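Chemist: I am attaching a structure below and will ask some questions about it afterwards.
Protein chains in written order, with my numbering: chain D, 48 to 191; chain W, 355 to 522.
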């Protein structure tokens with residue numbers, strides 16, 4: 048598949064996505080040292096009635112970036128228990144949007160993660176999440 | 355193939371009337387709404403059937419889908435409860451993911467208005483399967499000054515339901 052030209056250098060498409068992520072993708076990822084940055088290029092299918100990116104899509108995307116930060120930083124899979132989001136500015140259709148997470152605290156069972164989602168001109172969404180860490184021994188079952 | 359098979363009283367929400375392209379609310383799947391008697395728990399109920407394309411790799415309803423629907427229940431449902439037909443932009447939301455939902459489940463979402471000020475609407479939102487709550491959310495939405503945009507072009511599609519449709 049041809050990668051849209053607005054995708055910055057170093058991002059790879061998450062081709063293993065299924066279900067909701069696949070239906071609302073493609074999503075891209077770049078690993079930059081300690082950081083994992085996710086990005087996507089919103090189209091009309093991501094828009095709301097105002098023609099800007101739907102808050103639910105932005106929520107889904109920042110959540111995925113914050114969960115990935117847990118995996119990358121702690122090498123543990125995690126599920127979201129709580130997510131708090133503040134909408135700071137509109138996400139524009141056609142603008143490349145990026146999201147990333149930072150693990151700010153954790154113990155054996157839980158991790159606290161700060162997230163941000165931003166466009167080329169301004170911050171779009173600020174997040175604070177609590178993630179439950181899955182057992183190190185548990186295999187993630189994939190269905191479908 | 356899994357059918358939506360909505361329970362009695364639910365009508366498909368037509369988000370994109372006269373719009374050339376499908377927007378997110380239609381893209382994520384068919385969403386339904388039911389309007390019950392004023393002041394009752396069912397005054398506004400949003401509903402949908404969980405399909406595979408709404409799920410995560412583990413086979414549960416994706417958190418992003420839960421958040422999208424809860425956002426909509428707060429702005430569209432909460433707005434309806436207080437008699438606003440404007441588009442209410444979301445300012446802030448908090449979600450607690452208390453349980454999963456699975457393919458085939460019929461999900462319902464209800465909003466409770468906590469307080470309405472001149473410029474803000476505070477709501478609590480629950481998503482349920484049967485009697486089980488699986489998502490708790492709280493929302494602050496902005497009430498735009500002036501007339502603002504009406505809630506997109508969303509209308510309940512009465513064409514399929516005929517006389518069974520509840521009146522607004």
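All C-beta atoms, glycine included, are put in the ideal place defined by N, C-alpha and C. Given the structure is predicted, the values throughout are model-derived calculations rather than measurements.
Rounded to a whole number of angstroms, what is the C-alpha to C-alpha distance between residue 99 of chain D and residue 174 of chain D?
Modeler: One C-alpha to the other measures close to 19 angstroms.
Chemist: Which of the residues in the stretch 468–486 of chain W, read from start to end, lie with their CB under 9 angstroms from any CB of chain D?
Modeler: none
Chemist: For the alpha helix (DSSP H) that contains residue 422 of chain W, what are its first and last residues?
Modeler: 417–426
Chemist: Among the candidates D:65, D:122 and D:97, whose CA atom is the shortest distance from the CA of residue 182 of chain D?
Modeler: D:122
Chemist: Taking C-beta pairs closer than 9 angstroms, name the residues in chain W that residue 128 of chain D reaches, listed in chain order.
Modeler: 450, 451 and 452
Chemist: Which term fits residue 130 of chain D, buried or exposed, when burial requires 16 or more other beta carbons within 10 angstroms of its beta carbon?
Modeler: buried
Chemist: Out of W:368, W:428, W:422 and W:410, which one is the CA nearest neighbour of residue 126 of chain D?
Modeler: Closest by alpha carbon: W:410.
Chemist: So, with DSSP's three-state summary, where would you put residue 120 of chain D?
Modeler: helix
Chemist: Taking the Cβ atom as the reference point for each residue, do residue 402 of chain W and residue 389 of chain W lie within a distance shorter than 8 angstroms?
Modeler: Taking 8 angstroms as the Cβ cut-off, residue 402 of chain W and residue 389 of chain W do not qualify as a contacting pair.
Chemist: For the putative contact between residue 440 of chain W and residue 474 of chain W, defined by C-beta atoms under 8 angstroms, what is the C-beta separation to the nearest angstrom?
Modeler: Not a contact, Cβ separation roughly 13 angstroms.
Chemist: By the three-class DSSP mapping on this structure, what secondary structure does residue 97 of chain D have?
Modeler: coil
Chemist: Kindly indicate which three-state DSSP category residue 398 of chain W falls into: helix, strand or coil?
Modeler: coil
Chemist: To the nearest angstrom, report how far apart residue 361 of chain W and residue 155 of chain D are at their CA atoms.
Modeler: The straight-line gap from Cα to Cα measures roughly 43 angstroms.
Chemist: Can you tell me the Cβ-Cβ gap for residue 509 of chain W and residue 371 of chain W, rounded? I've got them flagged as a contact below 8 angstroms.
Modeler: About 6 angstroms separates the Cβ atoms of residue 509 of chain W and residue 371 of chain W, confirming a contact at the 8 angstroms cut-off.
Chemist: State buried or exposed for residue 486 of chain W, treating a residue as buried only when at least 16 other CB atoms are found within 10 Å of its CB.
Modeler: Classification for residue 486 of chain W: exposed.
Chemist: Let me check understanding here. Comparing Cα to Cα, which of D:88, D:57, D:84 and D:58 lies closest to residue 72 of chain D?
Modeler: D:88
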